[in-house]
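Protein chains in written order, with this note's numbering: chain V, 3 to 341; chain Z, 3 to 341; chain H, 3 to 341; chain P, 3 to 341.
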């Protein structure tokens, strides 16, 4: 079938390439005209504006929006609301906050246009491995563009089938799922990313404990202000973290795609000296925590993972200074200048 | 080669079966004589006591101990110290605390016997999928029993090779690794399990947020004592958690063996009504946190995961009562009897 | 001066009593007519409706709203917007979300009425000890009703003066503070309550560690599924928690009003058997965490305190079941029925 | 009565001064001879060695040890074991790990000497305000040196009496408490400090949220890698944190000695520019967490407070780098060089 793609960054361009492999025809647009050129060379039709893109598609249209969440997505959807026709479908495949989907759907619904929100996972590897897609919106709109989801998803062969599942593979086994009404897709994707933060932090913390397993061989200066290491004899291991990440990839309980990536990164850079350790967060981790709080359910692991990222950017500096100031007040403790 | 196995529970019995598939000959012993029978039927040689087991093996011997960590393991090792000969090797494949390895190694070394500590991961699936093995001890002792590790490990084909790795597969790519001197194996296994706790909790917390995404459709009684749900309209999703776990198995960032298991469990029991939610912990999560504290490195995610297990067993009851008592004192708040 | 009070619960009634002690005259109203009777007996003027209350006050009026946050407060403010006159002042002394203040201020501003948001701390003890007041809104509106704040606040003598402060006591030393524009008062009060949750939890967790210091004298069943207590000899203390709370009240670093209250509660009920341990939360702890997340600053302690309250109400049950289900899957571990 | 004091640092010297105010006679010793001079000028008897100190005291003696925990304390106690006589009493008033008390008590008991472990709280303020003392050891040994505890403790007048307590003030109301057998004193002090860490962090985190309440007025660069601030209009408060700390000192729920100290520190240095924010920890916070883990009770707040101190010293760097490395792998995300 035919697809319009707006936003040709890393993700958008690869989505186009993957659906074209299955014979779907794509009309593509990006603010930066150069972004379209490579795809046009691969067989896509370029458009110089959203208006041109809409004009190049036959109704009822399917237009996928793949631009940064927030104002950029809202601007595109607002323009589509006045450009598309009743019966068309807009798919927001970006990382929009699911609450924004509710507003966007209302804007589009006034013109008879329907919104599907599609959480899209897979990163730079998705072109070949396929994308995991979690979708919100009307069931019949989902059904109409399902061939696209089938092409984008990894397919059932991407993993061994779960015991108890056989016969015809359900969509969820192929790697896409209609989760519920508008917003449900991005809600599920949001929680997915929250879990991702937690898993990443679990690995990172554990590797850090391994990395410091030789602390008993380093000089320790215990004094009244500093906890001495009581048993240095227990911490004399000089461990090969890159090989440990590798060995866990086979047969261990923590084997996972994130571990695969970690092993690959450590293979390239055993001390990770390419990185400074300032870890960004892109919204979903925050929103997942806010959802947990609104629901009144504890999410200590997911939240701790989020806060570690904040701390990696030193946003707790005033808090730390307050602690030092209190210690100075009650105990006359001066800050130590070394660790 | 020849192997003696002491302890024929779920893990010990399957280790024997897997090495026998590669032609190794096993002498087996368990306190419970019936445990050996099935293995004898499969070709192992049964022994009625540790002494008998030792007598049935040709020196230099390799004896694998697979009994519960703590007193049970120490008792077996003490007996082996007086039964084996100089030059023999003991492999502790259980979940011993690595600090105990240091004591056990000293006990054995007095008789010229060497200890290898071997963290063994793989659970009930290891028989067919292979075991991930992380080993501490002398390099030449490791080398001598390496054929056993090769047979037990999953082998390089169990996962795609990491970019940058080609040619002859290193041991770590086959699924076993000599990590360092005595204790290093169990240290690495300990941290592995700490990470496992963190990953499990990340998944569990996320699924719980999904499970409660319909909270806006349930009756809410906001009063001065209770935070009302401000935006019930954002929490009206009745999500199919079993299918969501399934869809994430392909193409998503959180795909992992633990997710595979979760999807399988939810397929069998979509509401998990078979479980009460009292989550045990078997030591390694505690020890990992203690190691982090000794090293002075933060491990908030791993520790939060551990504490959630404690809380699942309601060991925080006195703390909770204290909070209610304070609230009563300062605000005259009576406890609410419902949520 | 003259004050109208709407909402005569525990807090509202005592605020009226405290300002009347200083000679201010009060007109009082509550949905429940009986609530006003006691205050009328103490010298207040009763009103049968908001309209009557407004009519009984001379312009420019000052009306204090002390009703539950959320819909109840919004309803009262909406009615006041159509009943009061330009130049009047509304003081919201409840626990409103500061974001609601912005809406309420706009509603009132359309009629020339100004809103002061006043975070009011002190609980049932405030009548005699005074209330800590943190106020948002226009400086000149604050100045006009300042005599009320002076009467309600504890006064400088309530605590030793901070080193470096002498001469005329600033308002903040008397116990009230104009914090900034509309919303600033409730923002500061919100964070105050967030800190309160953290402090309460710190005390509660610590007392729980003391309460369980005898765990080494209880029977332990270590098995492969359960971490045994390695050193029972370190946990044989049968501590008198009520006396410990009492001794810390004098000279210790943790001396605090919350500790005073805890000691009082433990004096009455040494085992806290009056309480079930279901701890409510009333919004500010949630909002503080959300503010931390929006600001991108870590608040692990405040958030952990909040999550402990959620967990005390067993809202993590599905997460716990998920963990048990995974353990069953990978290790064949059955749930234990006892701790 | 007579007291020997070994260790004349900040704490030891002031303990001597406070007991001398009540007429007790002190013999004092410090490795640094100058430390004794000032106390000799105040009326103490100086000793040039531990042997001299012991010789200058009449049996049965009471010797207070106030030197850094760990090796320094053990060395002094070992020397006292060979210098004192049967029937003498050693009081360890430092911050020893309670597990060390068990060893020290055994060493001393072999010579008929008894150990009291005395957790001593009060910091540089204790000289005038008194010290909070929590004591472990034999009841009759406690009784013999009780006059010293009475002199050191703040006395009942230091706080309002708890409701339900009247008549003769119990020791716990005077500020000292015999908590149980050897180790109980330091166990209780350990948990006290754990709580202290939690309370300090609660205040520090809350003030940091206030400090950043103007984040909506600063330039924000949202992009695909960074969570944008969705509602900058909610974060436009330029709050006066020093005055907020001051106002909470009277009438609020969080009023506490730690808040008093915070207000004093912020009065001196409103932006805390004297501090870098590298926060030390001196052992008790770590040990409290380890106790919680051994007991199997959750202590998320106390542990989070500890980990924040670790993070303030950037010991999580390798973990942070691992996270950045994973993000680079799965999403091609380059690290951002600014926040």
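Glycine included, C-beta positions come from ideal geometry on N, C-alpha and C.
Nothing here was measured: the structure is a model prediction, and the numbers come from that model.
Are the C-beta of residue i and some C-beta of chain V separated by less than 9 Å?
{"i": "residue 190(Z)", "result": "yes"}
{"i": "residue 317(H)", "result": "yes"}
{"i": "residue 293(P)", "result": "no"}
{"i": "residue 76(P)", "result": "no"}
Would you decide whether residue i is buried or exposed? Buried here means 16 or more other CB atoms lie within 10 Å of its CB.
{"i": "residue 336(V)", "result": "exposed"}
{"i": "residue 42(Z)", "result": "exposed"}
{"i": "residue 123(P)", "result": "buried"}
{"i": "residue 106(Z)", "result": "buried"}
{"i": "residue 57(P)", "result": "exposed"}
{"i": "residue 344(H)", "result": "The structure shown does not extend to residue 344(H), since chain H is modelled only from 3 to 341, so the question has no answer here."}
{"i": "residue 96(H)", "result": "buried"}
{"i": "residue 248(Z)", "result": "buried"}
{"i": "residue 63(V)", "result": "buried"}
{"i": "residue 315(Z)", "result": "buried"}
{"i": "residue 282(P)", "result": "buried"}
{"i": "residue 383(Z)", "result": "Any question about residue 383(Z) goes unanswered here, given that chain Z covers just 3 to 341."}
Which residues in the same chain as residue i place their Cβ atom closer than 8 Å to its Cβ, once the five residues preceding and following it in sequence are excluded?
{"i": "residue 213(P)", "result": "241 and 243"}
{"i": "residue 183(V)", "result": "138, 139 and 140"}
{"i": "residue 104(Z)", "result": "184 and 185"}
If you measure from the beta carbon of residue i to each beta carbon in chain Z, is any gap under 9 Å?
{"i": "residue 8(V)", "result": "no"}
{"i": "residue 88(H)", "result": "no"}
{"i": "residue 341(H)", "result": "Any reading at residue 341(H) needs caution, since the residue's pLDDT is 41, under 50, leaving its predicted position unreliable; the model's value is listed next. So, interface residue."}
Quick one: residues in its chain with C-beta nearer than 7 Å to the C-beta of residue i, no 5 flanking neighbours on either side, listed in chain order?
{"i": "residue 340(V)", "result": "Reliability of the predicted coordinates at residue 340(V) is poor, the pLDDT of 49 falling under 50, and the value obtained from them is presented with this limitation in mind. Once the five neighbours on either side are set aside, residue 340(V) has no close Cβ partner at all."}
{"i": "residue 205(Z)", "result": "260, 261 and 264"}
{"i": "residue 199(Z)", "result": "287, 304, 307 and 308"}
Distance, Cα to Cα, residue i vs residue j?
{"i": "residue 34(V)", "j": "residue 59(V)", "result": "20 Å"}
{"i": "residue 19(H)", "j": "residue 141(P)", "result": "51 Å"}
{"i": "residue 154(P)", "j": "residue 38(P)", "result": "20 Å"}
{"i": "residue 302(V)", "j": "residue 294(V)", "result": "10 Å"}
{"i": "residue 146(P)", "j": "residue 31(Z)", "result": "60 Å"}
{"i": "residue 151(P)", "j": "residue 28(P)", "result": "14 Å"}
{"i": "residue 109(H)", "j": "residue 91(H)", "result": "13 Å"}
Within its chain, find whatever has a CB closer than 6 Å to the CB of residue i; leave out the 5 residues flanking it on each side and keep chain order.
{"i": "residue 187(P)", "result": "119, 120, 121, 136, 137, 138 and 181"}
{"i": "residue 233(V)", "result": "none"}
{"i": "residue 310(V)", "result": "203"}
{"i": "residue 25(H)", "result": "none"}
{"i": "residue 300(H)", "result": "none"}
{"i": "residue 171(P)", "result": "158"}
{"i": "residue 219(V)", "result": "238"}
With 9 Å set as the bound, which would you pick, yes or no: does the beta-carbon of residue i sit closer than that to a beta-carbon of chain H?
{"i": "residue 203(V)", "result": "no"}
{"i": "residue 146(Z)", "result": "no"}
{"i": "residue 248(P)", "result": "yes"}
At a threshold of 8 Å, does residue i count as lining the ligand FMN (C-beta to nearest heavy atom)?
{"i": "residue 40(H)", "result": "Absence of the ligand FMN is noted for the structure shown, with no ligands found whatsoever."}
If you measure from the beta carbon of residue i to each beta carbon in chain P, is any gap under 9 Å?
{"i": "residue 325(Z)", "result": "no"}
Entirely enclosed alpha helix (DSSP H) segments - the stretch 42 to 87 of chain Z, minimum 4 residues: 52 to 58 and 73 to 85
query: Which runs of the alpha helix (DSSP H), 4 residues or longer, sit entirely within the stretch 84 to 112 of chain Z?
result: 100 to 111
query: What are the start and end residues of each continuous beta strand (DSSP E) run of 3 or more residues lying completely inside the stretch 125 to 206 of chain Z, in chain order?
result: 134 to 138 and 178 to 182
message: Please give me, in chain order, every unbroken run of the alpha helix (DSSP H) with length at least 4 that falls completely inside the stretch 245 to 282 of chain Z.
response: Within the stretch 245 to 282 of chain Z, the complete alpha helix (DSSP H) runs of at least 4 residues are 259 to 270.
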